[in-house]
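Colleague:
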Amino acid sequence: MKRYTLLLVVLLALTACVSDGDAPPAAVTALPTLATIAPPATLAATPTSAITVAPSATPALDPAIERPDTPAPPPTPVASATPGPSGFRPPAEGIPGFSDGLVLAPPDGSLIVYTPADGRVETLLGPGYYTLNGESGPVDTIWPPRFSPDGRLMVAPRPAGDTWLIHRGPTGDAAPMSTVSKLHDLRLWFTWAPDSRRIVYTLAGQAPEVSRGQVYVQDVVTGDAPRLLVDLPPFAAWPVWSPGCAAAAATGDCGRSIAVSAADGDAIAIWLVDATTGAARKLGRFRPPPVDGHLWHRWAADGTGVIAQADDNQIFFPLDGAARPLVWELAAAPSSHSLSSGGRLFADLVYDAPGSQQVVVGDTATGETVVASQRFEIAYLDGWTSDGRYAIAWLSQPLEAGAPSGLYAIDTAGWPVVQTATPLGVDVDQLGLESVMIAQATAVETQPWATVAVAHAAGPPESWPRREWVGPGLALAVPDGWRAQPLDQHHYAVANYDVTSPGLLVLEDDLFRADLFWSTYPSDQAPPFSVAAIREEYYDKDVSEIQIGDVTGAVLADQVTPLCETIILPHDAPGLRGQLWTTYCPATAQWREFVIEFLAQLEL
22 MKRYTLLLVV LLALTACVSD GDAPPAAVTA LPTLATIAPP ATLAATPTSA ITVAPSATPA
82 LDPAIERPDT PAPPPTPVAS ATPGPSGFRP PAEGIPGFSD GLVLAPPDGS LIVYTPADGR
142 VETLLGPGYY TLNGESGPVD TIWPPRFSPD GRLMVAPRPA GDTWLIHRGP TGDAAPMSTV
202 SKLHDLRLWF TWAPDSRRIV YTLAGQAPEV SRGQVYVQDV VTGDAPRLLV DLPPFAAWPV
262 WSPGCAAAAA TGDCGRSIAV SAADGDAIAI WLVDATTGAA RKLGRFRPPP VDGHLWHRWA
322 ADGTGVIAQA DDNQIFFPLD GAARPLVWEL AAAPSSHSLS SGGRLFADLV YDAPGSQQVV
382 VGDTATGETV VASQRFEIAY LDGWTSDGRY AIAWLSQPLE AGAPSGLYAI DTAGWPVVQT
442 ATPLGVDVDQ LGLESVMIAQ ATAVETQPWA TVAVAHAAGP PESWPRREWV GPGLALAVPD
502 GWRAQPLDQH HYAVANYDVT SPGLLVLEDD LFRADLFWST YPSDQAPPFS VAAIREEYYD
562 KDVSEIQIGD VTGAVLADQV TPLCETIILP HDAPGLRGQL WTTYCPATAQ WREFVIEFLA
622 QLEL
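Sequential numbering from 22 applies to the sequence shown in the working numbering.
What follows is the structure in structure tokens.
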């Protein structure tokens, strides 16, 4: 639901911190902010004219029961035909070479898979069963429907507040119809086991009285009652089953474990739970807790660890339990770009005027870009097809005639010649590409691990060549051979390594990255720079004073095992009052000494 993306961005706004957590759980403090994410237990009325389910409903868990051996089962799934096909009509007569299916929510309230290559429309839930009208959260992120790893089943939490099991129709049909059944009276956040039979879920936050940490596993193929796997501290949430391993000699977890977040005193911890026995141990913890009260986490594709995101921090936890530095998603192009599956091309948005955006497609090796769409007031990038040929964008409020709002496909097969964006659907919401949603049967980071060239030594400051940063009017002295990359007039990135293959990168102590941001206000609208004011505003961090040359600044660090550190210095320009924020990682004594010298060279 791209119109809700800004809500998610707001939720991920502050900074968090990590420490390893092998000690026993501390006294648990309830986190009321989590309950604001989930809907209340009151369920919207379910249409009953054409769907038949078992009459019994799943009662809420009784909070007085300490550890129920057998939780109350949901209705046994009883298959029934979907009531009529969706009325979705694609605007294009097939798009040759578009190899993926699109999972869409059309205006008629259905849930479909549309295949642009041949115009095939598969109805998963019929009209009126997946209406998004009035939904107040990012449904595809908070409550995502997920295909099983084999692609034949889908479990779909509905906006109405319940969860349905979908058996897909015959693959050979031109317009296949699924069979469906209600799985649970509550809307579940869940992931699949690699066997395409079992799901794992918790109920924390589903209702005010449900705040416990029970983790359930259920075989949805047989319709067995859910099995209580483990009882963690309160607000256990986002259980993520580890992915299966394709290679016999793979060293990853291979579907044996489930990663779950739960309260841990004044922190949020990541727990590793054995999917068979329920044995659990902590991998690490974030303190202070994230602004939205929980962690987002996913498995590395090779099953060697868990990547947890809280606010703006991404931490890689290997399965041995040792906390590691931040995980950065890197590429030859700036990391904000949407990379194709092969990493050769990227898509980006160009803002040529306020409220005017268009899509460009570029080459990651050369940075060369070509325009790929008309101008729109609102635009989002929705990813790439699995073969890396088509970029998908959601474009709204056109600024030129002949370009309706909706989903668009951009054919890059003839790069550097790129075809004009082709409409895929008008006034529809994309929940995902079929190939991506099958890969995300469990939450997994499919980007490969990046490789980098040997890190360059800094050398003496007098040997550092100058590079102009036009926005704030500064000349940066950057060690020779280092990457110095202006991202826009307010952002600059400096690193001592070059990416040779894009993907994820764990910053070990010999690697260094600094992100510089110049924030400005009209001089008559901002107070003078004050370390005391910064300390009051960032009360949840350690704030200390620092002197660099003749300039007094502030240092911001998280309160537990800081992995990154930020130095804030005043830097004004004519008519503007500004601050230069320099965030560097990892925050070791070696790199702090370098950053102080780097900033001193600016002679602010």
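Every residue gets a Cβ at the ideal spot worked out from N, C-alpha and C, and that includes glycine.
As the structure is a computational prediction, the values presented were derived from the model and not from experiment.
Can you have a look at Gly118 and say buried or exposed, based on whether 16 or more other CB atoms are within 10 angstroms of its CB?
Modeller: Locating residue 118 in the sequence shown gives position 97, counting from the first residue. When all chains shown are included, Gly118 counts as exposed.
Colleague: Are there 16 or more other CB atoms within 10 angstroms of the CB of Arg179, so buried, or fewer, so exposed?
Modeller: Against the sequence shown, residue 179 aligns to sequence position 158. With 16 or more other Cβ atoms within 10 Å, it is buried.
Colleague: Can you have a look at Gly115 and say buried or exposed, based on whether 16 or more other CB atoms are within 10 angstroms of its CB?
Modeller: Residue numbering aside, residue 115 sits at position 94 when the sequence shown is read from its first letter. Label assigned to Gly115: exposed.
Colleague: Taking 7 Å as the limit between beta carbons, can you name the residues of its chain near Pro68, skipping five residues before and five after?
Modeller: On the sequence shown, position 47 is the one that residue 68 refers to. Bear in mind that a pLDDT of 30 at Pro68, under 50, signals an unreliable position, so the model cannot answer this.
Colleague: Which class does Val439 belong to by DSSP, given the choice of helix, strand or coil?
Modeller: Taking the first residue of the sequence shown as 1, we reach residue 439 at position 418. In this structure, Val439 counts as coil in the three-state DSSP scheme.
Colleague: So what does Leu186 bridge to, in DSSP terms?
Modeller: Taking the first residue of the sequence shown as position 1, residue 186 is located at position 165. Partner(s): Val176 and Ser202.
Colleague: Please state whether the Cβ-Cβ distance between Val371 and Gln379 is less than 7 Å.
Modeller: Counted from its first residue, the sequence shown places residue 371 at position 350. Counted from its first residue, the sequence shown places residue 379 at position 358. Yes.
Colleague: Kindly indicate the opening and closing residues of the beta strand (DSSP E) around Glu489.
Modeller: Against the sequence shown, residue 489 aligns to sequence position 468. Here the beta strand (DSSP E) through Glu489 covers Arg487 to Trp490.
Colleague: Check whether the region 483-495 touches the region 519-527, taking contact to mean three or more Cβ pairs, one atom from each stretch, closer than 8 Å.
Modeller: Flag = no, the region 483-495 and the region 519-527 do not touch.
Colleague: Can you grab the Cα-Cα spacing for the pair Thr223 / Pro165, in whole Å?
Modeller: As a first step, residue 223 must be located in the sequence shown, where it is residue number 202. As a first step, residue 165 must be located in the sequence shown, where it is residue number 144. Approximately 15 Å between the Cα atoms of the pair.
Colleague: Ignore the nearest five residues each way along the sequence and tell me which others in Gly409's own chain have a CB closer than 6 Å to its CB.
Modeller: Within the sequence shown, residue 409 is the residue found at index 388, counting from 1. Once the five neighbours on either side are set aside, the close Cβ partners of Gly409 are Ser361, Ser362 and Gly363.
Colleague: In angstroms, rounded to a whole number, what distance separates the CA positions of Lys562 and Asp579?
Modeller: The residue given as residue 562 occupies position 541 in the sequence shown. The residue given as residue 579 occupies position 558 in the sequence shown. Distance between the alpha carbons of Lys562 and Asp579: 5 Å.
Colleague: Would Gly494 and Gln510 be called neighbours here (beta carbons separated by less than 7 Å)?
Modeller: On the sequence shown, position 473 is the one that residue 494 refers to. On the sequence shown, position 489 is the one that residue 510 refers to. Going by C-beta atoms, Gly494 is not nearer than 7 Å to Gln510.
Colleague: If Tyr411 and Asp384 are in contact, beta carbons under 8 Å, what's the gap, nearest whole angstrom?
Modeller: In the sequence shown, the residue the question calls residue 411 occupies position 390. In the sequence shown, the residue the question calls residue 384 occupies position 363. Not confirmed; about 17 Å, so no contact.
Colleague: Could you check if Ala51 is buried or exposed, using at least 16 other CB atoms within 10 Å of its CB as the buried criterion?
Modeller: Sequence index remark: in the sequence shown, residue 51 carries index 30 (1-based). For Ala51, the predicted structure reports a pLDDT of 27, less than 50, and the residue's modelled location is therefore unreliable. The matter cannot be settled from this model.
Colleague: Mind pulling the beta strand (DSSP E) runs of 3 or more residues that sit fully within the region 441-487?
Modeller: 443-447 and 450-454
Colleague: Who are the near neighbours of Phe550 in its chain, counting only those whose CB is closer than 6 Å to its CB and skipping five residues on each side?
Modeller: As a first step, residue 550 is located in the sequence shown; it is residue number 529 there, counting from the start. So the qualifying residues of the chain are Pro591.
Colleague: Let me confirm a value: Asp571 is counted as buried when at least 16 other C-beta atoms fall within 10 Å, else exposed. Which label applies?
Modeller: As a working note, residue 571 is residue 550 in the sequence shown. Its Cβ having fewer than 16 others within 10 Å, Asp571 is exposed.
Colleague: Can you list, in chain order, the residues of its chain with a C-beta nearer than 6 Å to that of Thr152? Leave out the 5 residues immediately preceding and following it.
Modeller: What you label residue 152 is simply residue 131 of the sequence shown in a count that begins at 1. Only Gly130 meet the Cβ criterion.
Colleague: Tell me the DSSP secondary structure of Asp373 in three-state form.
Modeller: Your numbering for residue 373 matches position 352 in the sequence shown. Strand, per DSSP.
Colleague: Would you identify the three-state DSSP class for Glu624, choosing helix, strand or coil?
Modeller: Within the sequence shown, the letter at position 603 stands for residue 624. Looking at Glu624 - three-state DSSP - the assignment turns out to be coil, as it is neither helix nor strand.
Colleague: How big is the Cα-Cα spacing for Ser565 and Val552?
Modeller: In the sequence shown, counting from the first residue as 1, residue 565 sits at position 544. In the sequence shown, counting from the first residue as 1, residue 552 sits at position 531. Using only the alpha carbons, I get a separation of about 8 Å.
Colleague: Are the CB atoms of Asp531 and Ala514 nearer to each other than 7 Å?
Modeller: As a position in the sequence shown, residue 531 is number 510, starting the count at 1. As a position in the sequence shown, residue 514 is number 493, starting the count at 1. For Asp531 and Ala514, no; Cβs fall outside 7 Å.
Colleague: For Gly502, which option in His512, Ala496, Leu508 and Asp519 has the closest C-alpha, if you only look at C-alpha atoms?
Modeller: Here residue 502 is taken as the residue at index 481 of the sequence shown, counted from 1. Closest by alpha carbon: Asp519.
Colleague: Under the rule that 16 or more other beta-carbon atoms within 10 Å means buried, what is Asp285, buried or exposed?
Modeller: As a position in the sequence shown, residue 285 is number 264, starting the count at 1. Flag for Asp285 reads buried.
Colleague: So what's Val281 in DSSP terms, helix, strand or just coil?
Modeller: As a position in the sequence shown, residue 281 is number 260, starting the count at 1. Look at Val281 here: in three-state DSSP terms it is strand.
Colleague: Return helix, strand or coil for Arg554, following the three-state DSSP convention.
Modeller: The residue labelled residue 554 in the question sits at position 533 within the sequence shown. Before going on, a small fix: residue 554 reads as Ala here, not Arg. Helix.
Colleague: Over the uninterrupted beta strand (DSSP E) stretch that includes His318, give me the two end residues.
Modeller: In the sequence shown, counting from the first residue as 1, residue 318 sits at position 297. Note, His318: beta strand (DSSP E), Trp317 to Ala321.
Colleague: Cβ atoms of Ala331 and Phe307: under 7 Å apart, would you say?
Modeller: If you number the sequence shown from 1, residue 307 lands on position 286. If you number the sequence shown from 1, residue 331 lands on position 310. Yes. Within cutoff.
Colleague: If I'm right that Val201 touches Pro260 with Cβ under 8 Å, what's the distance once you round it to whole angstroms?
Modeller: Numbered from 1 along the sequence shown, position 180 holds the residue referred to as residue 201. Numbered from 1 along the sequence shown, position 239 holds the residue referred to as residue 260. Actually they are not in contact, since the Cβ atoms of Val201 and Pro260 sit about 24 Å apart, beyond 8 Å.
Colleague: Are the Cβ atoms of Val457 and Pro425 separated by less than 7 Å?
Modeller: As a first step, residue 457 must be located in the sequence shown, where it is residue number 436. As a first step, residue 425 must be located in the sequence shown, where it is residue number 404. No, the Cβ-Cβ distance between Val457 and Pro425 is not below 7 Å.
Colleague: Restricting to Cα atoms, I'd like to know which of Glu389, Asp287 and Leu123 is closest to Thr406.
Modeller: Here residue 406 refers to the residue found at position 385 when the sequence shown is read from its first residue. Here the closest residue by C-alpha is Leu123.
Colleague: Taking Gly273 as the reference, which of His318, Leu340 and Leu250 has the closest Cα?
Modeller: Indexing the sequence shown from 1 puts residue 273 at position 252. With distances taken between Cα atoms, Gly273 lies closest to Leu340.
Colleague: Among Val142, Thr521 and Thr603, which one has its Cα closest to the Cα of Ala471?
Modeller: Residue 471 sits at position 450 when you count from the first residue of the sequence shown. Of Val142, Thr521 and Thr603, the residue nearest in Cα terms is Thr521.
Colleague: Only counting the same chain, and skipping five residues up and downstream in sequence, which positions put a Cβ closer than 6 Å to that of Thr541?
Modeller: Position 520 of the sequence shown, counted from the start, is the residue given in the question as residue 541. Counting only residues of its own chain and dropping the five nearest sequence neighbours on each side, Thr541 has a CB closer than 6 Å to the CB of Leu597 and Gly599.
Colleague: Taking the DSSP output, what are the residues bridged to Pro419?
Modeller: As a position in the sequence shown, residue 419 is number 398, starting the count at 1. Paired residues: Phe397.
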